[in-house]
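Enquirer:
There are 2 protein chains.
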Amino acid sequence: MTEKKNIAIMGAGLVGSLLSLYLAKRGHKVDLYERRPDLRKLGAFGGRSINLALSDRGWRALRGIGIEEQVRKVAIPMYGRMMHDEQGNLTYQPYGKEGQAIYSVSRAGLNVALMDISEPDPNITYHFNRQLLNLDLHTNEAEMRNTETGEVEKLQSQLLFGADGAFSMVRNAMQKTDRYNYSQSYLEYGYKELTIPAAEGGGWLLEKHALHIWPRGNYMMIALPNIDGSFTCTLFFPYEGALSFESIKTDTELLNFFLEAFPDAVPLMPDLAEDYFSNPIGSLVTVKCFPWSYQDKALLIGDACHAVVPFYGQGMNAGFEDITVLDQMLENFDGDWEKLFKAFERKRKPDADAIADLAVMNFIEMRDKVADPRFLLRKKIEARINQQYPDKWIPLYTMVTFTDLPYSYALETGRLQDEIMKKVMKHIQTVEDFDKPEVQQLLEEQIIYKEKLKKHTEAQGRG
Amino acid sequence: MTEKKNIAIMGAGLVGSLLSLYLAKRGHKVDLYERRPDLRKLGAFGGRSINLALSDRGWRALRGIGIEEQVRKVAIPMYGRMMHDEQGNLTYQPYGKEGQAIYSVSRAGLNVALMDISEPDPNITYHFNRQLLNLDLHTNEAEMRNTETGEVEKLQSQLLFGADGAFSMVRNAMQKTDRYNYSQSYLEYGYKELTIPAAEGGGWLLEKHALHIWPRGNYMMIALPNIDGSFTCTLFFPYEGALSFESIKTDTELLNFFLEAFPDAVPLMPDLAEDYFSNPIGSLVTVKCFPWSYQDKALLIGDACHAVVPFYGQGMNAGFEDITVLDQMLENFDGDWEKLFKAFERKRKPDADAIADLAVMNFIEMRDKVADPRFLLRKKIEARINQQYPDKWIPLYTMVTFTDLPYSYALETGRLQDEIMKKVMKHIQTVEDFDKPEVQQLLEEQIIYKEKLKKHTEAQGRG
Numbered sequence: 001m002t003e004k005k006n007i008a009i010m011g012a013g014l015v016g017s018l019l020s021l022y023l024a025k026r027g028h029k030v031d032l033y034e035r036r037p038d039l040r041k042l043g044a045f046g047g048r049s050i051n052l053a054l055s056d057r058g059w060r061a062l063r064g065i066g067i068e069e070q071v072r073k074v075a076i077p078m079y080g081r082m083m084h085d086e087q088g089n090l091t092y093q094p095y096g097k098e099g100q101a102i103y104s105v106s107r108a109g110l111n112v113a114l115m116d117i118s119e120p121d122p123n124i125t126y127h128f129n130r131q132l133l134n135l136d137l138h139t140n141e142a143e144m145r146n147t148e149t150g151e152v153e154k155l156q157s158q159l160l161f162g163a164d165g166a167f168s169m170v171r172n173a174m175q176k177t178d179r180y181n182y183s184q185s186y187l188e189y190g191y192k193e194l195t196i197p198a199a200e201g202g203g204w205l206l207e208k209h210a211l212h213i214w215p216r217g218n219y220m221m222i223a224l225p226n227i228d229g230s231f232t233c234t235l236f237f238p239y240e241g242a243l244s245f246e247s248i249k250t251d252t253e254l255l256n257f258f259l260e261a262f263p264d265a266v267p268l269m270p271d272l273a274e275d276y277f278s279n280p281i282g283s284l285v286t287v288k289c290f291p292w293s294y295q296d297k298a299l300l301i302g303d304a305c306h307a308v309v310p311f312y313g314q315g316m317n318a319g320f321e322d323i324t325v326l327d328q329m330l331e332n333f334d335g336d337w338e339k340l341f342k343a344f345e346r347k348r349k350p351d352a353d354a355i356a357d358l359a360v361m362n363f364i365e366m367r368d369k370v371a372d373p374r375f376l377l378r379k380k381i382e383a384r385i386n387q388q389y390p391d392k393w394i395p396l397y398t399m400v401t402f403t404d405l406p407y408s409y410a411l412e413t414g415r416l417q418d419e420i421m422k423k424v425m426k427h428i429q430t431v432e433d434f435d436k437p438e439v440q441q442l443l444e445e446q447i448i449y450k451e452k453l454k455k456h457t458e459a460q461g462r463g
Numbered sequence: 464m465t466e467k468k469n470i471a472i473m474g475a476g477l478v479g480s481l482l483s484l485y486l487a488k489r490g491h492k493v494d495l496y497e498r499r500p501d502l503r504k505l506g507a508f509g510g511r512s513i514n515l516a517l518s519d520r521g522w523r524a525l526r527g528i529g530i531e532e533q534v535r536k537v538a539i540p541m542y543g544r545m546m547h548d549e550q551g552n553l554t555y556q557p558y559g560k561e562g563q564a565i566y567s568v569s570r571a572g573l574n575v576a577l578m579d580i581s582e583p584d585p586n587i588t589y590h591f592n593r594q595l596l597n598l599d600l601h602t603n604e605a606e607m608r609n610t611e612t613g614e615v616e617k618l619q620s621q622l623l624f625g626a627d628g629a630f631s632m633v634r635n636a637m638q639k640t641d642r643y644n645y646s647q648s649y650l651e652y653g654y655k656e657l658t659i660p661a662a663e664g665g666g667w668l669l670e671k672h673a674l675h676i677w678p679r680g681n682y683m684m685i686a687l688p689n690i691d692g693s694f695t696c697t698l699f700f701p702y703e704g705a706l707s708f709e710s711i712k713t714d715t716e717l718l719n720f721f722l723e724a725f726p727d728a729v730p731l732m733p734d735l736a737e738d739y740f741s742n743p744i745g746s747l748v749t750v751k752c753f754p755w756s757y758q759d760k761a762l763l764i765g766d767a768c769h770a771v772v773p774f775y776g777q778g779m780n781a782g783f784e785d786i787t788v789l790d791q792m793l794e795n796f797d798g799d800w801e802k803l804f805k806a807f808e809r810k811r812k813p814d815a816d817a818i819a820d821l822a823v824m825n826f827i828e829m830r831d832k833v834a835d836p837r838f839l840l841r842k843k844i845e846a847r848i849n850q851q852y853p854d855k856w857i858p859l860y861t862m863v864t865f866t867d868l869p870y871s872y873a874l875e876t877g878r879l880q881d882e883i884m885k886k887v888m889k890h891i892q893t894v895e896d897f898d899k900p901e902v903q904q905l906l907e908e909q910i911i912y913k914e915k916l917k918k919h920t921e922a923q924g925r926g
């Protein structure tokens, strides 16, 4: 029986709140400290409101603690991408097989749900308006400021989890230790949230069960459905340049740009100019670091150790999967927290790096390639290959979104598939070409060859 | 005629000192601020004493200000690598063509030389024992602490250069600006300096005109000659593991390890244990960041914006080349410092990234591959290819060390050469095999193909 600990979690966002449930389930006493006020007491939800796409890895973590059904009530399945071209023509591309979907949820809504589920647990206590000022990693003594009273209190915990997001103060303390590996890397794009309100009398003005994309090469807009009938749109746009946040300064410039770029969306956005000029520009950062832990004292989790850009819809899912992986390790836990933390970070780091890289790569795919007929044809061919070789060929997007295969495996396999597809596509002009004997033979050869190569590599211990 | 500026350079190391000469030459008034005391007043040279290998890019910058000959007097040419195996057998590998050498210089000795050359210039003033505490980039107001008196002074300059090394405080100020890209990445190896003293009665105990390497796979020792007859040895060794800084704790363990790993060096190192247990372990960091400048106020240069690991011997050379590149841009300068800084960082960043990556790659080559007969054979074959195609095939090491081709070009070309060599080496068992018709034909084809590919790529603007 493992000793029960007094555990402090810094950050009561999605990952912190879910983690508290998993730790309390094992009998630990958990205190969560959140810099912001209690979301539930605010009239409107403050903070980041960008919509999230919950997919299999996220659901698995919710299921693991028995709260899948509660969350499913506020989630809208999106079965595919709906592309909008400059003339307003639509093209639809399913995300996976029939029935496979990613789920639109509101960050604030999900956070509130997780708080409501966890707070009644006698082992879990939430403390809001508590800002971490300083952390002594040697002793786990934290200096916390009560942002309502201004008072500074000392806080002592036996174990501390840093679930405090991309700008983590717990990580900040680790960054000051010797030989700490750290990188923060920004895209030259920002994002701005806009709204398509619900139809008069209720209902959705666009197809509800899709993620909408207006891909425009150098920039794009997306829209995700909300349960109230509205859509949250996000414009991803360069900070600087001929067409950029910098270049658009007036209502007229804005409207002209939108009429040119997103003509079918304009009539649906009555508050466009107000939204655009009053909402802040969000930045897009990738954070990588190592190690994630300090001795047997502290562990980073979620965005705090692997903030990624949102283009694979995996940020929250990766954070939730951290919890699943940690919980599996706790199954056979021998009481040595330092060993646990080290095993966790070693296992999880390659996967965190992989999803970070995949997310950046997917930005290019979303804003540019999805509008390319050759790309769409390739996706169809890949679906055919997957039908023909269901065990040997799972498309990259499917591996990431609808399986629990490690992200690092998905990235590596995706690269091999990419090499094969380059060869195959040389022979393909239409979907029917897939059945041509030379295509079938080439594919067979390539798949057998890559399988062999992979087995060989794995046998060499370099897999 | 460009307006003369009051320029502050933070850091009076190698790059800062050399930069002061270039700026003063153009009529600017330059003040250098150095955290440490005046090296020339110290009995022994403090700080980092690791030897440096001055190569073509470094010489070019010294020549540009007319001080090449003065420095050459204290530099020892090393014409090749001398590998020492576990039995003390020697293998020699020239660095380039006959007469081509890299030059061993002492960091402190070169720094003193640069100070002695620059300080008499009435436009150049050195301020020692001045620590930069804080910098307001908007105003270029710096808070400086006099480390002798403890007094804090405000310092106002029109332009500020951050030549303050890998742990730059000027960069630190930039890191606090919005969307700053930054990474620091440590190798899991440290280094320790050791000494082979001069022979009794003077002279060198090992070949003087070579860089000595004891490559041992997972670790290595190197030795560079000093003008006083001694060699400075550097042991590159893992921090942790079965054989590591952590594992060796006693004189006996140290001696046993050295007798096993470097038997021929032990008799030459009478102070081994004392050196080993009293010298600090140095860490090996790569720093990348962007941008390097702030408006028309401040510019980073040298290690401050691109600290690299020492395994290509290019850290100082890259910093000196920064100065050459900046000086060339100043030739056609129209008075717009912000434009100059932006053009400089845009031109130089890909090359800084390339030499950082090359340096990490060369660590593996030095500690591991140079002991491999196949690798040595490949080097000989490459020398033959270079003879046969002198314009089309310059070996990577030569491009980096003995030319001023951009580092990024060298890295890219090196990758293409690597692909070709993998194919060519399949047909080669001895140097004589190079003349076999199939080898010659393959090589011809490959070189023509890659030339075409490169021209095509450049024409596409992706070169």
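Protein chains in written order, with my numbering: chain A, 1 to 463; chain B, 464 to 926.
Cβ coordinates follow ideal geometry from the N, Cα and C atoms, glycine included.
Taking all protein chains shown into account, decide if residue 662/B is buried (16 or more other Cβ within 10 angstroms of its Cβ) or exposed.
Expert: Here residue 662/B corresponds to residue number 199 of the second sequence, with the count starting at 1. Per the 10 Å Cβ criterion, exposed.
Enquirer: Among the candidates 234/A, 4/A, 97/A and 458/A, whose CA atom is the shortest distance from the CA of residue 219/A?
Expert: Your numbering for residue 219/A matches position 219 in the first sequence. Nearest option by C-alpha distance: 234/A.
Enquirer: Would you say residue 377/A and residue 91/A are within 8 Å of each other, going by their C-beta atoms?
Expert: One-based indexing of the first sequence puts residue 377/A at position 377. One-based indexing of the first sequence puts residue 91/A at position 91. No, they are not a contact pair.
Enquirer: Find the nearest neighbour of residue 469/A within the set 409/A, 98/A, 253/A and 117/A, judged by alpha-carbon distance.
Expert: Any question about residue 469/A goes unanswered here, given that chain A covers just 1 to 463.
Enquirer: When you compare only the Cα positions, how much space is there between residue 360/A and residue 53/A?
Expert: Mapped onto the first sequence, residue 360/A falls at position 360. Mapped onto the first sequence, residue 53/A falls at position 53. For residue 360/A and residue 53/A, the distance between alpha carbons rounds to 17 Å.
Enquirer: Take the Cβ of residue 647/B as the centre, count every other Cβ of all protein chains shown within 10 Å, and call the residue buried at 16 or more, exposed below.
Expert: Taking the first residue of the second sequence as 1, we reach residue 647/B at position 184. The residue is buried, with at least 16 neighbouring Cβ atoms inside 10 Å.
Enquirer: Following the continuous alpha helix (DSSP H) through residue 17/A, name the residue where it begins and the one where it ends.
Expert: Translated into the one-based positions of the first sequence, residue 17/A becomes position 17. Element bounds for residue 17/A: 14-25.
Enquirer: Give, in chain order, every residue of the stretch 176-189 of chain A whose Cβ lies closer than 7 Å to some Cβ of chain B.
Expert: Flagged, chain order: 179, 181, 182, 183, 184, 185 and 186.
Enquirer: Which residue wins for smallest C-alpha separation from residue 930/B, given the options 879/B, 887/B and 833/B?
Expert: A query on residue 930/B cannot be resolved here, the shown segment of chain B reaching from 464 to 926 and no further.
Enquirer: Is the Cβ-Cβ distance between residue 761/B and residue 769/B less than 8 Å?
Expert: For this step, residue 761/B is matched to residue 298 along the second sequence. For this step, residue 769/B is matched to residue 306 along the second sequence. The answer is no: Cβ separation not under 8 Å.
Enquirer: Would the beta-carbon of residue 783/B fall within 8 Å of that of residue 572/B?
Expert: In the second sequence, residue 783/B corresponds to position 320, counting from 1. In the second sequence, residue 572/B corresponds to position 109, counting from 1. No.
Enquirer: Return helix, strand or coil for residue 876/B, following the three-state DSSP convention.
Expert: Locating residue 876/B in the second sequence gives position 413, counting from the first residue. Looking at residue 876/B - three-state DSSP - the assignment turns out to be helix.
Enquirer: Mapping DSSP to helix, strand and coil, what is residue 319/A?
Expert: Within the first sequence, numbered from 1, the residue matching residue 319/A stands at position 319. Looking at residue 319/A - three-state DSSP - the assignment turns out to be helix.
Enquirer: Closer than 8 Å, CB to CB, is residue 55/A near chain B or not?
Expert: Residue mapping note: residue 55/A aligns to position 55 of the first sequence, counting from 1. No, no contact with chain B.
Enquirer: Measure the C-alpha to C-alpha separation of residue 82/A and residue 93/A and round it to an integer number of angstroms.
Expert: As a position in the first sequence, residue 82/A is number 82, starting the count at 1. As a position in the first sequence, residue 93/A is number 93, starting the count at 1. Looking at the two C-alpha atoms, the distance is approximately 7 Å.
Enquirer: Within the same chain, show all residues whose beta-carbon is closer than 8 Å to that of residue 208/A, passing over the 5 residues directly before and after it, in chain order.
Expert: One-based indexing of the first sequence puts residue 208/A at position 208. Same-chain partners within the cutoff: 76 and 225.
Enquirer: Is it buried or exposed, residue 593/B, if we count other Cβ atoms within 10 angstroms and call 16 or more buried?
Expert: Counting from one through the second sequence, the residue named residue 593/B turns up at place 130. Answer is buried; the Cβ neighbour count reaches 16.
Enquirer: Using a Cβ-Cβ distance under 8 Å, would residue 293/A count as near chain B?
Expert: Counting from one through the first sequence, the residue named residue 293/A turns up at place 293. No, residue 293/A does not count as interfacial toward chain B.
Enquirer: Measure from the C-beta of residue 247/A to each C-beta in chain B and report whether the shortest distance is under 8 Å.
Expert: Here residue 247/A refers to the residue found at position 247 when the first sequence is read from its first residue. No, no contact with chain B.
Enquirer: List the endpoints of the continuous beta strand (DSSP E) containing residue 401/A.
Expert: Your numbering for residue 401/A matches position 401 in the first sequence. That residue, residue 401/A, is in no beta strand (DSSP E); its alpha helix (DSSP H) goes 396-402.
Enquirer: When the cut-off is 8 Å and only beta carbons count, does residue 244/A lie next to chain B?
Expert: Here the question's residue 244/A lines up with position 244 in the first sequence. No, residue 244/A lies away from the interface with chain B (no Cβ there is under 8 Å from its Cβ).
Enquirer: Between the Cα of residue 569/B and the Cα atoms of 530/B, 482/B, 532/B and 694/B, which residue gives the shortest distance?
Expert: As a working mapping, residue 569/B is identified with position 106 in the second sequence. That would be 694/B, whose Cα lies nearest to the Cα of residue 569/B.
Enquirer: I'd like to check one pair, residue 164/A with residue 304/A: are the Cβ atoms closer than 8 Å?
Expert: As a first step, residue 304/A is located in the first sequence; it is residue number 304 there, counting from the start. As a first step, residue 164/A is located in the first sequence; it is residue number 164 there, counting from the start. Closer than 8 Å, so yes.
Enquirer: By alpha-carbon positions, which one of 472/B, 808/B, 489/B and 645/B ends up nearest to residue 749/B?
Expert: Locating residue 749/B in the second sequence gives position 286, counting from the first residue. Nearest option by C-alpha distance: 645/B.
Enquirer: For residue 796/B, which residues of its own chain have a beta-carbon under 8 Å away from its beta-carbon, when the five flanking residues on both sides are left out?
Expert: Translated into positions along the second sequence, residue 796/B becomes position 333. For residue 796/B, where only same-chain residues beyond five positions count, the Cβ hits under 8 Å are 465 and 803.
Enquirer: Does the distance from the C-beta atom of residue 385/A to that of residue 431/A stay below 8 Å?
Expert: Counting from 1 along the first sequence, the entry for residue 385/A is found at position 385. Counting from 1 along the first sequence, the entry for residue 431/A is found at position 431. No, they are not a contact pair.
Enquirer: Please list the residues of the stretch 229-244 of chain A that have a C-beta atom closer than 7 Å to any C-beta atom in chain B, keeping them in chain order.
Expert: Answer set for the stretch 229-244 of chain A: empty.
Enquirer: Kindly indicate if chain B contains any beta-carbon less than 8 Å away from that of residue 157/A.
Expert: Looking up residue 157/A in the first sequence gives position 157. No, its Cβ sits nowhere closer than 8 Å to a Cβ of chain B.
Enquirer: Relative to the C-alpha of residue 738/B, which residue among 660/B, 719/B, 678/B and 898/B is closest?
Expert: In the second sequence, residue 738/B corresponds to position 275, counting from 1. The candidate whose alpha carbon is nearest that of residue 738/B is 660/B.
Enquirer: What residues from chain B crowd round residue 283/A, counting only those whose CB sits closer than 9 Å?
Expert: On the first sequence, position 283 is the one that residue 283/A refers to. Within 9 Å Cβ-Cβ: 641 and 642.
Enquirer: Mark residue 817/B as exposed unless 16 or more other C-beta atoms lie within 10 angstroms of its C-beta, in which case mark it buried.
Expert: The residue given as residue 817/B occupies position 354 in the second sequence. By the neighbour-count rule (16 or more Cβ atoms within 10 Å), residue 817/B is buried.
Enquirer: Assess contact between the stretch 17-34 of chain A and the stretch 187-195 of chain A, defined as three or more Cβ pairs (one per stretch) separated by less than 8 Å. Is contact present?
Expert: Verdict: no, contact absent.
Enquirer: Less than 8 Å between the beta carbons of residue 436/B and residue 668/B, yes or no?
Expert: Outside the shown range of chain B, which is 464 to 926, sits residue 436/B, and nothing can be said about it.
Enquirer: Taking the straight line between their C-alpha atoms, what separation do you get for residue 427/A and residue 433/A?
Expert: For the purposes of this step, residue 427/A is identified with residue 427 of the first sequence, where counting begins at 1. For the purposes of this step, residue 433/A is identified with residue 433 of the first sequence, where counting begins at 1. For residue 427/A and residue 433/A, the distance between alpha carbons rounds to 7 Å.
Enquirer: What does a CB cutoff of less than 8 Å around residue 397/A pick up in its chain, not counting 5 residues either side in sequence?
Expert: Position 397 of the first sequence, counted from the first residue, corresponds to residue 397/A. Cβ neighbours of residue 397/A beyond the five flanking positions: 95 and 96.
Enquirer: Check the C-beta distance from residue 15/A over to residue 124/A and give it rounded, since I have them as a contact under 8 Å.
Expert: By 1-based counting over the first sequence, the position of residue 15/A is 15. By 1-based counting over the first sequence, the position of residue 124/A is 124. That pair is no contact at about 15 Å.
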